[in-house]
Amino acid sequence: MAYASNEPQSIPTLFDALQTETVDTLKKLAALAGVQQNMPVRKANLVEYIKQRMAGENLQVLWQRLDTLQQAAVAETAHGPSPCFDAERFVAKYGQLPKWGEKEFYKSNPSLLGLFFYSKIMPDDLRQRFRSFVPKPEPVRLAPQNEIPGEWALTYEEWDQAAKKKKAYRKMIPITLRLTERSALHDLKAVLRLIDAGKLAVSDKTRQPGVAGLKAVNTVLLGGDFYDDSGYGEYEKIGLIKAFAWPMLVQGSGLAALDGKTLQLTKSGQKALSDPLENTLAQVWQRWLKTTVFDELRRIDCIKGQAGKGQRGLTAVAGRRAAINQALKYCPPGQWIAVNDLFRQMRVNGPNFEITRDPWNLYICESGYGSLGYEGFHDWKILQARYALCLLFEYVATLGLLDVAYIPPHDARLDYRDLWGTDDLSFLSRYDGLLYVRINPLGAYVLGLAPAYQPTAPEAATPEVALIRVLPTLEIAAIGPPLEPADTMLLDSYAGKISDAVWKLDQPRLLEALEAGHDLTALAELLVSLSGQPLPETVERFLEDMARRARSVQSKGSVWLIECADKALAALIANDSRTKPYCQLAGDRSLMVPLDSGTRFRSALRKLGYIIPK
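Count the sequence shown with my numbering and you get residues 229 to 842, in order.
Quick look at the structure:
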């Protein structure tokens with residue numbers, strides 16, 4: 229549970245448990261434990277009767293009368309960490325609850341389990357006795373798959389006008405498979421270059437990208453985002469996933485920082501442009517595990533109250549991420565794992581995590597009826613599962629650590645339909661369509677499951693087919709398959725486009741790029757890589773000349789220009805031993821003082837007998 233309970237956490241003995249029951253309940257338990265003839269009627273006698281019927285080998289005889297699911301309930305509790313029956317964990321492992329008996333209004337008839345559990349708690353002495361003959365339950369193990377189906381049988385609901393109720397239907401949906409390793413390596417470089425060009429705007433309050441920022445990122449992603457929203461109506465749209473994740477990831481990892489309303493690369497971000505991309509992605513993930521810049525739960529749009537009262541009850545994001553990160557380490561690299569299978573493993577064997585300590589202040593649609601505090605409204609499938617889906621799909625897969633297989637989220641998970649206020653929702657989260665994940669070589673390296681990064685497809689030094697031709701006239705012509713968005717962006721930064729497939733290097737554009745801090749080495753390496761040929765001599769000389777020009781004039785900082793009454797005073801101040809270290813002449817009557825020496829210059833000038841009025 230997410231909040232404190234007043235229920236007892238343990239019961240020392242069977243006798244203690246029986247003493248808390250009413251005579252009516254004890255009679256029913258006595259009937260289950262033995263024959264109904266000559267049954268006592270007084271409470272003390274009933275308690276003693278039940279104890280005798282459960283003494284010695286009788287306990288094993290009673291246990292053998294249980295069905296398979298009931299025996300599993302006894303085994304899980306007897307050998308488990310707690311004497312309390314964990315219903316949610318049990319359902320996760322076995323798919324349904326055991327039979328506890330029958331209830332009708334205020335009357336109940338317990339099953340045989342009622343002899344062993346009291347308010348769902350097994351007495352300590354019974355647990356010890358059960359351990360002597362009840363086998364330990366089999367642990368839950370993942371079921372890795374080498375191949376996954378190409379289609380998914382989707383169950384969905386539609387209103388039946390004739391029957392005046394919703395009916396369930398099934399249809400086959402194609403599964404989309406995305407290999408993320410190569411695209412993540414490209415996208416990291418592309419997003420860093422986009423930021424370096426000053427073209428990624430985010431909110432100065434939330435630090436999240438708006439419509440323009442999302443569009444800018446989406447245009448440079450290799451293969452685009454996970455979903456194409458163009459075919460959906462206004463209320464059916466899924467929204468961008470990778471395009472949202474990248475601005476948050478670079479901020480959370482310290483590669484970029486807010487400057488006004490746009491992101492700018494930090495020193496770490498500038499360094500990342502030339503570092504091995506797999507090392508940078510590993511760094512981004514390790515830093516994201518601890519960052520507080522963003523809580524992924526905020527991306528479950530329909531869960532309200534997160535920024536209000538509900539925020540106080542939310543658990544730390546670092547603990548949630550750590551649990552999911554640890555769960556991924558139990559997955560064998562290179563094999564597909566069903567997401568539901570992964571969740572089942574986490575719920576039964578751990579590591580588990582909580583989303584909130586007080587679900588009452590989280591709600592859907594309306595804070596009263598829609599509160600998630602009601603029983604069944606804050607179950608694992610609602611909160612933890614949706615959070616985990618978001619982290620896996622939007623962040624782990626975007627970083628290229630997981631290959632993913634998915635369908636559209638509409639009706640992909642119907643487990644939220646009983647929640648108040650969800651009638652008009654096609655999905656609880658945009659991540660509901662995630663079905664399978666697979667740790668790829670990049671993920672194995674980043675998660676510490678492999679000592680080094682071994683790319684899926686080794687990168688060649690030069691392309692088998694030239695993508696561009698660099699001409700002596702300083703023109704660059706695209707002659708092969710379409711260039712990757714990151715490479716196109718880099719060419720646009722250094723060269724002007726004179727046609728759909730031709731760029732030309734020119735002095736103003738290159739000087740502008742150099743002034744913005746770009747490095748010509750990156751351009752030269754890209755041109756050689758894409759063309760597969762050394763650069764023409766005229767192009768090499770042109771780039772060398774541009775680099776020389778960039779080094780010829782250097783900024784040495786800002787100065788404070790001071791004008792004196794006459795040349796003699798200017799010469800006196802410039803040459804006096806007390807003021808000379810902090811200034812120099814600039815013409816006949818002017819002095820230049822570095823801004824960082826202003827205070828010391830004023831102090832020395834006062835000793836000389838002069839001041840500068842403020």
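Glycine included, each C-beta is placed from N, C-alpha and C at the ideal position.
Span separating the alpha-carbon of residue i from that of residue j
i    : j    : result
W328 : A390 : 38 angstroms
T404 : P351 : 50 angstroms
Y558 : R406 : 22 angstroms
Y231 : S502 : Here Y231 scores only 42 on pLDDT, less than 50, and its place in the model should not be relied on; the value that follows carries that caveat. Straight-line Cα distance between these residues: approximately 49 angstroms.
P560 : L274 : 55 angstroms
P372 : V567 : 11 angstroms
A672 : A500 : 21 angstroms
R421 : Y664 : 32 angstroms
L257 : S339 : 9 angstroms
N553 : V674 : 11 angstroms
V512 : N668 : 17 angstroms
I840 : G533 : 58 angstroms
A688 : L450 : For A688, the predicted model reports a pLDDT of 44, less than 50, meaning its position is unreliable and no value from the coordinates is stated.
T766 : K784 : 32 angstroms
T241 : E603 : 30 angstroms
A484 : Q492 : 5 angstroms
W380 : P402 : 6 angstroms
Q247 : A315 : 25 angstroms
V269 : V251 : 8 angstroms
P691 : P709 : At P691, the pLDDT of 47 sits below 50, so the modelled position is not reliable; the number obtained from the coordinates is stated separately. Near 11 angstroms, if we compare the C-alpha coordinates of P709 and P691.
A287 : K394 : Position check: residue 287 holds Leu in this sequence, whereas Ala was assumed. Rounded to the nearest angstrom, the two C-alpha atoms are 48 angstroms apart.
K443 : D432 : 18 angstroms
V545 : K518 : 8 angstroms
G488 : P475 : 15 angstroms
F243 : E594 : 47 angstroms
A245 : V362 : 21 angstroms
S238 : I583 : 26 angstroms
T383 : D646 : 16 angstroms
T434 : A473 : 14 angstroms
Spatially closest choice to residue i from the options, by CA coordinates
i    : options                   : result
M400 : T408, S411 and G378       : G378
G482 : G488, H414, W474 and T494 : T494
G308 : T408, E366 and P437       : E366
D523 : F344, E622, K842 and K279 : E622
L617 : A640, S599 and L542       : A640
T749 : P736, I726, Y722 and R737 : Y722
K255 : D244, I376 and I278       : I278
I696 : I583, A752 and L647       : A752
L570 : N266, L370 and Y334       : L370
D773 : L294, V478, L739 and A259 : L739
E846 : R828, R666 and A802       : Absent from the structure is residue 846, since the part of the chain shown begins at 229 and ends at 842.
Proximity of residue i and residue j at Cβ, strictly below 8 angstroms
i    : j    : result
I531 : L590 : yes
Y615 : G649 : no
P822 : V787 : yes
Q417 : L505 : For clarity, residue 417 is Lys in the given sequence; the question names Gln instead. It is a contact, given that the beta carbons lie within the stated cut-off.
R806 : L836 : yes
V419 : V448 : yes
V844 : G480 : Because residue 844 is not part of the residues shown, which for the chain are 229 to 842, the question remains open.
Y810 : A793 : no
Y455 : I469 : yes
S759 : V698 : yes
A798 : L813 : yes
L290 : A261 : yes
L600 : P579 : no
R585 : G547 : no
G676 : P637 : no
L509 : L620 : no
Beta-bridge pairing of residue i - partner residues as DSSP gives them
i    : result
Q373 : W564
W788 : V821
C312 : I349
I704 : V698 and W731
N507 : Bridge partners of N507: none, in fact.
S406 : The identity of residue 406 in the sequence shown is Arg, whereas the question assumes Ser. Its beta-bridge partners are V632.
W387 : K394
D487 : T490
Contact test: residue i Cβ vs the ligand ZN heavy atom, cutoff 7 angstroms
i    : result
K433 : This structure does not include the ligand ZN; it has no bound ligands of any sort.
Query raised in the report: How about the region 723-735 and the region 691-708: do they share at least three Cβ pairs that are nearer than 8 angstroms?
Result: yes
Query raised in the report: Within the chosen definition, does the region 610-630 reach the region 407-414 through at least 3 CB pairs nearer than 8 angstroms?
Result: yes
Query raised in the report: Are the region 603-618 and the region 571-583 touching, with three or more C-beta to C-beta distances below 8 angstroms?
Result: yes
Requested in this report: Determine contact between the region 649-661 and the region 512-530, defined as no fewer than three beta-carbon pairs at a distance below 8 angstroms.
Outcome: yes
Query raised in the report: Pairing CB atoms from the region 311-330 with CB atoms from the region 295-302, are three or more of them under 8 angstroms?
Result: yes
Query raised in the report: Between the region 764-779 and the region 736-743, do at least 3 Cβ pairs fall closer than 8 angstroms?
Result: yes
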